[in-house]
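J.: First the structure, then my questions, so here it is.
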Amino acid sequence: MARDLAKAIRQAPDKNLSQQIYDRLLTMMIQRELPTGTVLQERKLADALNVSRTPAREALNRLETEGYISRRPGNSLIVREITVRELVEILHVRSILESEAIALAIGRVPSEELDSLEAGVRKVLEAAKPDPDDDWEIDSRLHETIAQAGSNLLLAKMLRELRLKTRMFNMIRVPERFRVGHMEHLEIIAALKSGDKDRAKAAARNHIEGVKGAIIRKLSEV
Numbered sequence: 075m076a077r078d079l080a081k082a083i084r085q086a087p088d089k090n091l092s093q094q095i096y097d098r099l100l101t102m103m104i105q106r107e108l109p110t111g112t113v114l115q116e117r118k119l120a121d122a123l124n125v126s127r128t129p130a131r132e133a134l135n136r137l138e139t140e141g142y143i144s145r146r147p148g149n150s151l152i153v154r155e156i157t158v159r160e161l162v163e164i165l166h167v168r169s170i171l172e173s174e175a176i177a178l179a180i181g182r183v184p185s186e187e188l189d190s191l192e193a194g195v196r197k198v199l200e201a202a203k204p205d206p207d208d209d210w211e212i213d214s215r216l217h218e219t220i221a222q223a224g225s226n227l228l229l230a231k232m233l234r235e236l237r238l239k240t241r242m243f244n245m246i247r248v249p250e251r252f253r254v255g256h257m258e259h260l261e262i263i264a265a266l267k268s269g270d271k272d273r274a275k276a277a278a279r280n281h282i283e284g285v286k287g288a289i290i291r292k293l294s295e296v
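Take 75 as the starting number for the sequence shown in our numbering and just add one per residue.
Okay, here's the thing in structure tokens:
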């Protein structure tokens, strides 16, 4: 872990130390390099990176405030798991915000970008053994493109944070969403190409509701 963090920091000298540590830890949590239950110690983190404890503390405090890590008795910090209830609440909010974001994006995403996004989705769907990183990259790129196209910076920021929280939930629990989810992505892209605002809003809403429904069905089987 220390080598990965140190390498990431060397590659991003324009960012302050606490931001670099925060960014890398969050990425490692999302990619399961730091799985749920991993203990994060301020002193060891600072020593491993050869930095003072202040930026390490700032990064950990921010991750705790945002709900990615939690404090246990004894004051130790661990990577926490996003609960099913939290995820359902997040998806409820996303359903509302994503439909508004796509309405703002209508007519603002260049056709070349939509074609590129469609090609990316189809490439993932056609892969014999889909790469999880490719899956996440095209998913993130599509949603980020829509959020940015609307030119509402606050809305884009909120959606980015909610997507990261969604990503923290281990979607391997609902593997059946892989193909269905990307087919829904294709419908979102088609709706954007059509310029039909109502169709686009419905496509965005149906996509998020599909995730929520799959999780609820999975829980009912337990």
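Here a beta-carbon is modelled for each residue, glycine too, at the ideal position from N, C-alpha and C. Remember, predicted model here, so these are calculated numbers, not experimental data.
1. For glycine 194, I'd like the list of residues in its chain whose CB is within less than 6 Å of its CB, leaving aside the five on either flank, ordered along the chain.
2. What's the C-alpha gap between asparagine 266 and histidine 256?
3. Pick from Pro206, Ser92, Lys231, Arg168: whose alpha carbon is nearest that of arginine 253?
4. What are the boundary residues of the beta strand (DSSP E) that includes serine 297?
5. With a CB to CB cut of under 6 Å and the five nearest residues on each side skipped, what residues in its chain are close to histidine 281?
6. If the criterion is Cβ atoms closer than 7 Å, does the pair isoleucine 156 and lysine 231 meet it?
7. Which first and last residues belong to the beta strand (DSSP E) in which isoleucine 152 is found?
8. Which of helix, strand or coil does DSSP assign to leucine 114?
9. How would you call arginine 291, buried or exposed, if buried means at least 16 neighbouring beta carbons within 10 angstroms?
10. If you reduce the DSSP assignment to three classes, tell me which class glutamine 105 lands in.
11. Does the Cβ of serine 126 have 16 or more other Cβ atoms within 10 Å, making it buried, or fewer, making it exposed?
12. Report the residue from Leu123, Arg154, Glu160, Asn124 whose alpha carbon sits nearest the alpha carbon of leucine 100.
13. Is DSSP giving asparagine 135 helix, strand or coil here?
14. Report the three-state DSSP secondary structure of valine 183 (helix, strand or coil).
15. Given a cut-off of 7 Å, decide if isoleucine 170 and lysine 271 are closer than it, judged by their beta-carbon atoms.
16. Should serine 92 and glutamate 132 be called a contact, given that it needs their Cβ atoms to be closer than 7 Å?
T.: Taking the geometry as given:
1. Ile212
2. Residue 266 is actually leucine in this sequence, not asparagine. Cα to Cα, leucine 266 sits roughly 15 Å from histidine 256.
3. Pro206
4. Coverage of the chain is limited to positions 75 through 296, which leaves residue 297 absent and any answer about it impossible.
5. Glu258
6. no
7. 151 to 153
8. strand
9. exposed
10. coil
11. exposed
12. Arg154
13. helix
14. coil
15. no
16. yes
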